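Working notes, beginning with the structure itself.
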Amino acid sequence: MVEKRTPIPVPEAQKRVMKNRRTGPKEWVSINDADGRVLAESIYADHDIPPFDKSPLDGFAVQSEDTKRATSEAPVYLEVIETVGAGHVAKPVTKPGQAVRVMTGTMIPEGCDAIVMFELTNEVERNGKTMIEIKRPFKAGDFVSFKGEETKKGDPLVTAGTKVNPGVKALLATFGYPKVPVIRKPVVGIFATGSELLEVEEPMEPGKIRNSNAYMVSAQVMDAGGEARYYGKLADDFDQCFEAVSNALDEVDILITTGGVSVGDFDYLPAIYSKLGATTLFNKIAMRPGSVTTVAELNGKLLFGLSGNPSACFVGFELYTRPWIQSYLASNVPYLQQTTATLQKDFPKPNPFTRFIRSRIEFSEGRVFTEPVGLDKSQTVTSLAHANALTVVPGGTRGFQKGDQVDVLLLQSEGSSQPIKLPEKES
Ligand code: AMP
Ligand code: MG
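Each residue of the sequence shown is one higher than the one before, starting from 859 at the first, in our numbering.
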């Protein structure tokens, strides 16, 4: 007899997974290996920026007092006593009427208090000396970049949970982090199940298909910030699957299997969870594709039983596994970002359950448009290559027309702090 499963709504399934969230431990990596990693600690300024009063442009450091009476009719002439480039320290200026030629980034010479850019001066030779002619007054502080005006020593710069992007990397370098505190990547074990599976290098055979899920899911794991550990494919054999799953569990933080969670004669994952003594969080979700997505928990480790159907497998990962991995990495935005878009073509299918349609979104003239791509069936694999979003249509609806406003989940964005919110049914 086929076991009766009761579907739960998508947000409830997400909630049950996220109840089992935990944050990973800290580790230190070289700044060169920190790209895309998530900071385990907030980063603070270890010194002021700028670290000294400096010239933000090429010009002359002057004593503003000298320029007080300068006009175009009666210019002031200052003697240029030295030329200094960035990285060098000028001699102190001690006498009135003296100036220093400085380049961008040079520390303001002691005794000077304003910068006059080259363009506002004329250089002249007078009595065998190089002088500059200044035709207007400058105040103390004019064109000076002051010590600490951008950031003060001790200021927090970015918080724990921030992903290292090129800008964050600039901060780490500026503030002396040759080693960066990041959260250890969760180790995510992956098995593909199915006696029909061939590996990528194997030639096609009657009745067999190539295993695409393992490669796709590994890529999704890495994209979400996890360490993907592919253990290989398993034939539909209970003992072999049980043995492999139970051994791998010791070595991973979570375990993903694809296939074998349905109600077919050789779908052994539910029985494996049961023999392991794992608690099933759910085994049926009111969604298409991926209604058979099953998640179980054993000693704090989650076992994600994703569907074997490639599109269903993909969607199951994005909705449930990605947020778990992201929250392990202390991300403040673990969920897919949700927004609304205008449907670009008719979608006439009725929707008994919430449907996640592989789609391509485009931004045009301040609006977002979404277009379903390829065949909308859970077994399709080719449409995934074109999808950058999932169009979400509510269950209990009869289809949608071009021009309708629909919800979309973005597959290539920073993420969101908000779990999925199911769109309302149209009245
Ligand atoms: P299952 O969930 O095991 O019933 O599999 C559902 C469908 O997905 C079947 O048509 C399988 O052949 C197919 N499938 C299962 N695993 C994979 C995989 N790793 N790569 C591609 N297709 C798969
Ligand atoms: Mg199977």
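For glycine and all other residues, C-beta sits at the position ideal for the given N, C-alpha and C. Note that the structure is predicted; figures quoted are calculated from it, not measured.
I believe residue i touches residue j by the beta-carbon criterion, under 8 Å. Please report the beta-carbon distance rounded to the nearest angstrom.
i       : j       : result
Leu1156 : Leu1134 : 6 Å
Asp1094 : Phe1124 : 4 Å
Val868  : Ile1278 : 6 Å
Pro1024 : Glu899  : Going by Cβ atoms, the distance from Pro1024 to Glu899 rounds to 20 Å, so no, they are not a contact pair.
Ala1144 : Ile866  : 7 Å
Ile901  : Phe1033 : 7 Å
Ile1041 : Gly1148 : Not really, about 28 Å apart at Cβ, beyond 8 Å.
Ser940  : Ala948  : It is worth fixing the name first, because residue 940 is Glu in this sequence and not Ser. Confirmed, Cβ separation roughly 6 Å.
Would residue i be called buried (16 or more neighbouring beta carbons within 10 Å of its own) or exposed?
i       : result
Glu1229 : buried
Gln1263 : exposed
Gln1237 : exposed
Asn1209 : buried
Ser913  : buried
Leu1233 : exposed
Pro1281 : buried
Asp1265 : buried
Ser1241 : buried
Using C-beta distances below 7 Å, list every residue in its chain close to residue i, excluding the 5 sequence neighbours before and after it, in chain order.
i       : result
Ala1082 : Arg1180, Ile1183, Gln1184
Val920  : Leu936, Ala957, Cys970, Ala972, Val974, Phe996
Lys1005 : Asp906, Pro908, Pro909, Phe910, Asp911
Ala1245 : Arg1216, Ser1217, Arg1218, Val1231, Leu1269
Val1173 : Pro1147, Gly1148, Phe1214, Leu1248
Lys1283 : Pro1252, Gly1254, Thr1255
Is residue i near residue j, with beta carbons less than 8 Å apart?
i       : j       : result
Met965  : Gly917  : no
Ser1076 : Tyr1088 : yes
Lys1142 : Arg895  : no
Gln1195 : Ser1271 : yes
Ile1130 : Phe1100 : yes
Leu1248 : Phe1214 : yes
Arg1225 : Thr1200 : yes
Ala1188 : Val1022 : no
Thr1017 : Val1026 : no
Arg874  : Tyr1186 : no
Val934  : Asp924  : yes
Val1250 : Leu1267 : yes
For the candidate residues the options, whose alpha-carbon lies nearest to that of residue i?
i       : options                            : result
Leu936  : Ala1245, Gly943, Arg959, Phe1096   : Arg959
Gly1332 : Thr1198, Gln1195, Ala1154, Val1121 : It is not possible to answer for residue 1332, since the shown part of the chain is limited to 859 through 1285.
Gly955  : Thr962, Lys987, Glu931, Val942     : Lys987
Glu977  : Ala1199, Ile990, Pro967            : Ile990
Ser1222 : Gly1232, Asp1234, Gln1202, Thr1240 : Gln1202
Ala932  : Leu1030, Arg984, Lys993            : Lys993
Leu915  : Asp1000, Asp1013, Arg1146          : Asp1000
Gly945  : Arg927, Pro967, Val934             : Pro967
Phe1205 : Gly1273, Val1103, Arg874, Gln1259  : Gln1259
Arg1256 : Lys1207, Phe1227, Lys1235          : Lys1207
Ala1243 : Thr1197, Gly1253, Pro1168          : Pro1168
Ile1048 : Asp1265, Gly1253, Ala1072, Gly1261 : Ala1072
Lys926  : Thr952, Ala998, Ala1136, Val1103   : Ala998
Ser1053 : Pro1061, Gly1065, Glu1060, Glu1059 : Gly1065
Please return the same chain residues whose Cβ sits closer than 8 Å to the Cβ of residue i, not counting the five positions on each side in sequence.
i       : result
Asn878  : Leu1139, Glu1155, Gly1158, Leu1160, Trp1182
Gln872  : Leu1177, Tyr1178, Pro1181, Tyr1193, Pro1277, Ile1278
Ser1285 : With a pLDDT of 41 at Ser1285, under the threshold of 50, the modelled position of that residue is not reliable, and no figure is offered here.
Thr1009 : Ala903, Asp906, Ile907, Leu1015
Between which residues of its own chain and residue i is the CB-CB distance below 6 Å, once the five residues before and five after are set aside?
i       : result
Gly1163 : Thr1115, Val1119, Leu1127, Thr1152
Lys1037 : Trp886
Gln1078 : Phe1175
Lys1091 : Ala1050, Leu1055, Asn1069
Asp1111 : Pro1044, Val1045
Gly1084 : Lys1043, Pro1044, Val1046, Ile1183
Val1150 : Val1119, Ser1120, Ser1165
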